[in-house]
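In order, the protein sequences belong to chains A and B. The working numbering numbers the first residue of the first sequence as 24 and each following residue consecutively. The working numbering numbers the first residue of the second sequence as 3 and each following residue consecutively.
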Amino acid sequence: MHNSTIAQLAEGLRAGRFSSLELTQAFLQRIERLDPGLNCYVTVTAEQALAEARAADARLAAGNAGPLTGIPISQKDIFCTQGVRTSCGSRMLDSFVAPYDATVVERFKQAGAVMLGKLNMDEFAMGSSNETSFYGPVRNPWDTGCVPGGSSGGSAAAVAARLTPGATGTDTGGSIRQPASFCGITGIKPTYGRVSRWGMIAFASSLDQGGPMARTAEDCALMLQVMAGFDERDSTSVDRPVPDYRAALGGSVEGLRIGLPKEFFGEGLDGEIATVLQQAIDELRKLGATVHEISLPNMGLSVPAYYVVAPAECSSNLARYDGVRFGYRCEAPKDLHDLYCRSRGEGFGAEVKRRILIGTYALSAGYYDAYYLKAQKIRRLISEDFRKAFEQVDVIVGPTAPSVAFKFGEKTADPIAMYLSDIYTIAVNLAGLPGMSVPVGFCGRLPVGMQLIGNYFDEARLLNVAHRYQQVTDWQTRAPEGCA
Amino acid sequence: MEWETVIGLEVHAQLATRSKIFSGAATAYGAEPNTQACAIDLGLPGVLPVLNREAVRMAVKFGLAIGATIAPVSVFARKNYFYPDLPKGYQISQYDLPVVATGQMTITVDGAVKTIGITRAHLEEDAGKSLHEDFHGSTGIDLNRAGTPLLEIVSEPDLRSAKEAVAYMKKLHALVRYLEICDGNMQEGSFRCDANVSVRRKGDSRFGTRAEIKNLNSFRFVERAINFEVERQIELIEGGGAVVQETRLYDSVKDETRSMRSKEEANDYRYFPDPDLLPLEIGAALIGEVRATLPELPDAKQQRFRSDYALSDYDAEVLTATRELADFYEAVVRSAGCDAKLCANWVMGDLSAALNEANLEITASRVDADRLAGLLQRIADDTISGKLAKQVFETMWQEGATADAIIEREGLRQITDSSAIEAIIDRIMADNPGQLAQYRAGKDKLFGFFVGQAMKATQGKANPQQLNELLKRKLDA
Chain A
24 MHNSTIAQLA EGLRAGRFSS LELTQAFLQR IERLDPGLNC YVTVTAEQAL AEARAADARL
84 AAGNAGPLTG IPISQKDIFC TQGVRTSCGS RMLDSFVAPY DATVVERFKQ AGAVMLGKLN
144 MDEFAMGSSN ETSFYGPVRN PWDTGCVPGG SSGGSAAAVA ARLTPGATGT DTGGSIRQPA
204 SFCGITGIKP TYGRVSRWGM IAFASSLDQG GPMARTAEDC ALMLQVMAGF DERDSTSVDR
264 PVPDYRAALG GSVEGLRIGL PKEFFGEGLD GEIATVLQQA IDELRKLGAT VHEISLPNMG
324 LSVPAYYVVA PAECSSNLAR YDGVRFGYRC EAPKDLHDLY CRSRGEGFGA EVKRRILIGT
384 YALSAGYYDA YYLKAQKIRR LISEDFRKAF EQVDVIVGPT APSVAFKFGE KTADPIAMYL
444 SDIYTIAVNL AGLPGMSVPV GFCGRLPVGM QLIGNYFDEA RLLNVAHRYQ QVTDWQTRAP
504 EGCA
Chain B
3 MEWETVIGLE VHAQLATRSK IFSGAATAYG AEPNTQACAI DLGLPGVLPV LNREAVRMAV
63 KFGLAIGATI APVSVFARKN YFYPDLPKGY QISQYDLPVV ATGQMTITVD GAVKTIGITR
123 AHLEEDAGKS LHEDFHGSTG IDLNRAGTPL LEIVSEPDLR SAKEAVAYMK KLHALVRYLE
183 ICDGNMQEGS FRCDANVSVR RKGDSRFGTR AEIKNLNSFR FVERAINFEV ERQIELIEGG
243 GAVVQETRLY DSVKDETRSM RSKEEANDYR YFPDPDLLPL EIGAALIGEV RATLPELPDA
303 KQQRFRSDYA LSDYDAEVLT ATRELADFYE AVVRSAGCDA KLCANWVMGD LSAALNEANL
363 EITASRVDAD RLAGLLQRIA DDTISGKLAK QVFETMWQEG ATADAIIERE GLRQITDSSA
423 IEAIIDRIMA DNPGQLAQYR AGKDKLFGFF VGQAMKATQG KANPQQLNEL LKRKLDA
């Protein structure tokens, strides 16, 4: 069962070949057996999952089940879950239990999905390797000496290792796409505003966006259908109809104009990855797509602009963790200042502190114009680059990451090197566009992801292209050794 | 050396919305601590603000009332600082793009009319409260007030004395209550201000260094704090010192201001646009809609009271101090259909005194406008004298009956029958030959004695004017 996709499992449930309870038990057993070696889960909610599975079975029997009723799903530990600890990968929230569900969690509940547990992540989603988690790093199922990517590393690894059929992720600078690429799965970061951020713990509010991570584009479509939509509790969510993503999968790719930004294929891209990508592009061409070289001239500015905007917002978003009302509080504070300094000093890890410091500096009087304001201008330039590109092409294609999964510790000493692993994904967040990573092959034993970037609210087209590709290839069916 | 005082006020008016500016929690005052603070007010992880549209309408209403520009696009910004009663570690406010810009208001001080510029008014959320009592050396936090909508109204440095500052603040106070956007309750902190005060030598074109006095919550404190501060600054400069830019606190018990923090210690608030909220767009449609709800404003009403009711400047000002008082007065005039000045005197006199004594608002008056009008009609048609009317009013206030019922029951109808009054006068003259002789010998003072006797004999019911005339004629005969 665990090798089946969500679409197949849903069909099995409806046909009565197995029950949600059996399915849930099977995944819980796999988690128990395999997760200790991978560390994908921060919390496993076995009891709750079994209760939800029984309820789902009743719904299936009553004939009022939706496409995801009875399907096990796991939540990145950044989405608040009522009554279940939401840690955000941080000591700061090690004991935090939210009195509410995130909109995304609520929607999966309403759909009848079963939550298996909460997935490990970089602390407050700040990291590209999952090494910043308070709960220890997640291991890449393809090579346990390598990182799974980040920040949604637990989500990507759990899907790859068949410890869940589908998981939620969040993507601020590449946190869905890069780990999807490193773990050989499919993930989509929707247009900013497509999925509600209510109850999703903020890292950088103007960039954060939740999205699905699963093995196939079809599964992502099924999950996104549930996740997407307007939410009056999130002022930045967009009130716009949600298309039928699954229905759109059948569309033809004939005549699709694919843009290859020359900036994505130059120096800095691993040669082997370039070769794998070329093969994937050839497949798309065989399906009838036409390929065009385009330019995104300001792409080189995206990493520096991002590392002003994201830390600036994070420095403010994380000010609420002060030891006063909830979360970690230091032992026996002498006074208020001591309470603040030690609660934050002890509660946050090094990378989070680094970003708070950068952001505080960037927003300071006298530096604001030079950093924050300039970064916002660059953001507009980048959006403008994309706007022009989408006048010529329908979808932009390139690598998701400049390399395959790297070794633990390889980049922890050099934050800049770590930051550059998001070099191809960050611009998409700055512009608020939808972006997707699709597995397209391997370098050695490690998976390679191809990134698809679409115009605003063009998720259906991205899913369609990815799905057509997956119909003629089988990379998404490959399983890491020991996980099949 | 002649000194000139320069003052600018930042007034915080708490907007009278039912729920908070970014959450659905209630804004009612005085509830048990932390019972009116939801997850959003507590700043829990993952929560997001949603702007209260009613607060926006109120800000627009204020802007229109002061002839200001309503910004087609304004932006909410985060003001970042750490404080235990500031749950998110930042306050959502507006910074470089406020919703209301460049309006004005006129004030009258000592008969002189002056226009005060209003630089801006912006929307923001209030913080919670720190409670230092009852916790044995620790501090308690009450977040009921956190997220309450405030309109911060910033004046130009156009005020030149404490008196002008108070006049301006009173005018604003009346305005926000007229507009029904703020309850104006200063004790509860619904209307309070910070005063920026500096002094300069008369004729100097540059401003002196200013001190900001925080959180003044009564007109009296505004006046006293500014006066103290002005004296302090002048003494400092004349003694060879210099004013430092700082934030000061007014201590009403010691009647002095003292330093809270200097400019160097001031927070760097690291303002930036709040990414959780979209820019606030206000179109012509909303402005038109709000404009249609604008009531007659205090200045216009005062003008109308002067012309329609022939009231003095003073009467018109007092009667238009609040919308409720003005409405009450107009209801009395309408119902009584008599002398508007008589109505004004009674509303401002006996009625106001009774309200004050009972500590009641005009809307809770025990004598309503119709009943007061009923009493005034009896004065106007000479049924009772003004003096007896006071007595009737007392009874009305206590019992709630109509004037006519009381007059009837207690037989207070005025004696206007000349022959009856003459008969009484004749009897008094006959009973007091000595006083009559003295009066006629030139002791004019004794006239009062005869009036008193006559009033006593009629239990005060004789028409005073008529009595005077008849008495004079008979005594002087």
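Glycine included, C-beta positions come from ideal geometry on N, C-alpha and C.
Under 9 angstroms between C-beta atoms of residue i and residue j
i, j, result
"A197 (chain B)", "E12 (chain B)", "yes"
"T448 (chain A)", "M441 (chain A)", "no"
"V137 (chain A)", "P164 (chain A)", "no"
"I296 (chain A)", "L283 (chain A)", "no"
"A328 (chain B)", "A375 (chain B)", "no"
"G372 (chain A)", "F157 (chain A)", "yes"
"D352 (chain B)", "K392 (chain B)", "yes"
"C466 (chain A)", "V427 (chain A)", "yes"
"V495 (chain A)", "A312 (chain A)", "no"
"G192 (chain A)", "K99 (chain A)", "yes"
Three-way DSSP call (helix, strand, coil) for residue i in this model
i, result
"Q437 (chain B)", "helix"
"S43 (chain A)", "helix"
"K463 (chain B)", "coil"
"N452 (chain A)", "helix"
"E154 (chain B)", "strand"
"R484 (chain B)", "Nothing can be reported for residue 484 (chain B), as the shown portion of chain B is limited to 3 through 479."
"E298 (chain B)", "coil"
"S95 (chain B)", "strand"
"W399 (chain B)", "helix"
"E12 (chain B)", "strand"
is_contact[residue i, chain A] using C-beta, thresh 9 angstroms
i, result
"L11 (chain B)", "no"
"G65 (chain B)", "no"
"K90 (chain B)", "yes"
"P277 (chain B)", "yes"
"R250 (chain B)", "no"
"I143 (chain B)", "yes"
"D270 (chain B)", "yes"
"G48 (chain B)", "yes"
"R80 (chain B)", "yes"
"V52 (chain B)", "yes"
"Y273 (chain B)", "yes"
"P159 (chain B)", "no"
Cβ shell of residue i (< 6 angstroms), same chain only, five flanking positions each side left out
i, result
"V335 (chain B)", "A342, C345"
"L460 (chain A)", "According to the sequence displayed, residue 460 (chain A) carries Ser and not Leu. If we look at S460 (chain A) and ignore the five residues flanking it on each side, its Cβ neighbours are R200, A203, S204, G210, T423, G472, Q474."
Cutoff 7 angstroms; reference residue i; Cβ partners in own chain excluding five residues on either side
i, result
"Y271 (chain B)", "K81, N82, Y83"
"S325 (chain A)", "I405, I449, A450, L453"
"Y394 (chain A)", "V331, A385"
"E182 (chain B)", "A18"
Within-9 angstroms CB hit, residue i to chain E
i, result
"W221 (chain A)", "Absent from the structure is chain E; the protein chains it does hold are A and B."
Cβ-based neighbour list, residue i, same chain, cut-off 8 angstroms, excluding 5 preceding and 5 following
i, result
"I426 (chain B)", "A456, A459, T460, A464"
"T71 (chain B)", "G65, V102, A103, T104, G105"
"A81 (chain A)", "none"
"Q235 (chain B)", "V199, S200, V201, G210, A213, V245"
Chain B within 9 angstroms of residue i, Cβ atoms only
i, result
"Q351 (chain A)", "Contrary to the premise, residue 351 (chain A) reads as Tyr rather than Gln in this sequence. With 9 angstroms as the cut-off, Y351 (chain A) does not count as an interface residue toward chain B."
"R348 (chain A)", "yes"
"D257 (chain A)", "yes"
"A454 (chain A)", "no"
"L307 (chain A)", "no"
"S338 (chain A)", "yes"
Beta carbons nearer than 8 angstroms to chain B: which residues of the segment 103-122 of chain A have them? Those residues of the segment 103-122 of chain A that come within reach of chain B (Cβ to Cβ, closer than 8 angstroms) are C103, T109, C111, L116, F119, A121, P122.
Closer than 8 angstroms, Cβ to any Cβ of chain B: which residues of the segment 368-400 of chain A, in chain order? Of all residues in the segment 368-400 of chain A, T383, L386, S387, A388, Y391, Y395 have a Cβ within less than 8 angstroms of some Cβ in chain B.
Name the residues in the segment 225-255 of chain A whose C-beta lies less than 8 angstroms from a C-beta of chain B; which are they? Listed by position along the chain: A225, A227, S228, S229, E255.
Which of the residues in the segment 281-295 of chain B, read from start to end, lie with their CB under 9 angstroms from any CB of chain A? Under the 9 angstroms Cβ criterion, the segment 281-295 of chain B contributes no residue.
Members of the segment 119-151 of chain B that neighbour chain A once the beta carbon cut-off is set at 9 angstroms: Correct list: T141, I143, L145.
Please list, in chain order, the residues of the segment 279-294 of chain A that have any C-beta partner in chain B closer than 9 angstroms. Using a CB distance below 9 angstroms, no part of the segment 279-294 of chain A faces chain B.
Select from the segment 27-43 of chain B all residues with a C-beta closer than 8 angstroms to any C-beta belonging to chain A, and list them in chain order. Listed in sequence order: A41.
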